[in-house]
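Notes follow the structure.
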Amino acid sequence: QHKDREIQELIEKIDLLSQDSQTIKTNLESLNQQKSQETEDLSTRLKQLMSKNTELTQQIEKMRIESLFQSTDHEAKLQEQLQQLSAQLQYKEAEIVHLSERIEQQAKEDQTQSLVQEILVKNQEISALKARVQQLQADRQEMEHNLTLQITKELASSRPEEKTHPRTAELEKLNRELQEEKQQMEQELQVLNDQVLRSLELE
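Quick note: the sequence shown, position 86, residue 418 per our numbering, numbers continuous.
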């Protein structure tokens, strides 16, 4: 019964680890999609700013040319507009540099490092559980061996005329029960091993 409880607890732990692993993978995919969308948005914004920058540059050049042919009455007004456009141009250029730096920084960031590390930890826990299962199997085999030796020894020491003794019937019944328990434990351990393998495949 104690072995059965330990095996059941291991099965529950492996199920929880499998669920955690699936959740981590879902979060990882979500982060990758979010990062790709944000990078795409920044790239679009950068293209818009570069286009606006080109338009401002052309407009400044046009005003410079026009200022050469305008009378002195409009020179001050044109100069003021020229300064405003130059300030806007500098601001847009600063925005472009800032966005370019953000895009480059995002390309270098590894937002999934902690999730990958957590998956590795889960794999280690699953490996530890597999080792525990193997230990339980070894313990079960040793128990069966010792009990079989005891039964065989007691049966061999019984005299032929005592075959019908209640003790002989009791030992035979115990032997059958041990065989049944052995089959049940083998089935449970097989289920547990299958769950461990499925968890590893998910990783």
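The beta carbon of each residue, even a glycine, is placed where N, CA and C say it ideally should be.
- Message: Using 8 Å for Cβ pairs, my map puts Leu524 next to Ile339. What's the rounded Cβ distance?
- Response: Sure, about 6 Å apart at Cβ, within 8 Å.
- Under 8 Å between C-beta atoms of Leu431 and Leu388: It is not a contact, given that the beta carbons lie outside the stated cut-off.
- Message: Count Cβ pairs between the segment 370-386 and the segment 419-428 that sit closer than 8 Å; are there 3 or more?
- Response: At 8 Å Cβ cutoff, the stretches touch.
- Under the assumption that Leu510 contacts Glu486 (Cβ atoms under 8 Å), give the Cβ distance between them as a whole number of angstroms. Rounded, the Cβ-Cβ distance is 14 Å, inconsistent with contact.
- Query: Going by other Cβ atoms of all chains shown within 10 Å of its Cβ, with 16 needed for buried, is Ile346 buried or exposed?
  - Reply: Its Cβ being crowded by 16 or more others within 10 Å, Ile346 is buried.
- Task: Return the chain-ordered list of same chain residues with a C-beta closer than 8 Å to the C-beta of Gln469, the five sequence neighbours on each side being excluded.
- Result: Correct list, in chain order: Leu521.
- Task: Taking all protein chains shown into account, decide if Leu452 is buried (16 or more other Cβ within 10 angstroms of its Cβ) or exposed.
- Result: It is exposed - the Cβ of Leu452 has fewer than 16 other Cβ atoms within 10 Å.
- Can you give the Cα-Cα distance for Gln482 and Ile343, rounded to whole angstroms? Between the C-alpha atoms of Gln482 and Ile343 there is a straight-line separation of about 32 Å.
- Span separating the alpha-carbon of Glu518 from that of Met475: Distance between the alpha carbons of Glu518 and Met475: 14 Å.
- Message: Distance check for Ala463 and Asp526, CA to CA, integer angstroms please.
- Response: Their backbone Cα atoms lie some 14 Å apart in a straight line.
- Backbone CA spacing between Glu433 and Arg377 [nearest angstrom]: Distance between the alpha carbons of Glu433 and Arg377: 13 Å.
- Leu348 burial status per 10 Å Cβ neighbour count (16 or more: buried): With fewer than 16 other CB atoms across the displayed protein chains lying within 10 angstroms of its CB, Leu348 is exposed.
- Task: Mind reading off the beta-carbon distance from Asn385 to Ile428? Whole number of angstroms is fine, and I expect it under 8 Å.
- Result: With a beta-carbon spacing of about 7 Å, Asn385 and Ile428 fall inside the 8 Å limit used to define contacts.
- Would you call Ser350 buried or exposed, if buried means 16 or more other Cβ atoms sit within 10 Å of its Cβ? Ser350 is buried by the Cβ-count criterion.
- Query: If you draw a straight line from the alpha carbon of Gln420 to that of Gln391, how long is it in whole angstroms?
  - Reply: Near 12 Å, if we compare the C-alpha coordinates of Gln391 and Gln420.
- Residue from Gln473, Gln467, Leu506, Gln466 with nearest C-alpha to Thr484: The option with the nearest alpha carbon to Thr484 is Leu506.
- Note down the Cα distance separating Ala460 from Glu513, rounded to an integer number of angstroms. Straight-line spacing of the CA atoms in Ala460 and Glu513 works out to 25 Å.
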